Amino acid sequence: MSRKPRPICPVCGQRAVRSETKYGLRHDCCGLWSWGNKPLADADTHKARSEAHRVFDVLWRSGHLSRGEAYQALSWATGWPEADCHMMHMPKERAALVPAAVRRIWAAL
Ligand SMILES: [Zn+2]
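Residue numbering for the sequence shown follows our numbering, beginning at 954 and increasing consecutively.
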């Protein structure tokens, strides 16, 4: 596995502390954390993103859409480019809009 530089903490400007967990590589600093080598995020952001994913994933886990189609549908329902539809990179304000967008998708299926 490649050892990329640890993400920089936006609060203190230091490199985050890396640890190997049973869930994979984790980085921590100043109450923020991330998985893999993603930028650090606060608890509210993680919560909004995981809630967005939970609601969104039902679209393709249920078999109503393929995973790719579900992302296309989210782009359609939000007006965001598909490249901006990946929840793990969304700011919390955007992730918070996903559940309503998913309801629009269900209504259109
Ligand atoms: Zn820090």
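The beta carbon of each residue, even a glycine, is placed where N, CA and C say it ideally should be. On a predicted model such as this, the values are computed, not experimentally measured, just so you know.
**OP:** Evaluate contact between the stretch 980–990 and the stretch 958–970, counting only Cβ atoms and requiring at least three cross-stretch pairs below 8 Å.
**Re:** yes
Subject >> Distance, Asp1010 Cα to His1039 Cα >> reply: 12 Å
Original post:
Ser1015 to Trp1059, Cα distance in whole Å?
Top reply: 12 Å
Original post:
Mind listing, in chain order, the residues whose beta carbon lies closer than 5 Å to a non-hydrogen atom of ligand 1?
Top reply: Cys962, Val964, Cys965, Cys982 and Cys983
**OP:** Would you kindly check if the distance between the Cβ of Pro1044 and the Cβ of Val1008 is under 8 Å?
**Re:** no
**OP:** List the DSSP bridge partners of Arg968.
**Re:** Ile961
**OP:** Inspect the beta-carbon positions of Trp1013 and Arg1020 and report whether they are closer than 8 Å.
**Re:** yes
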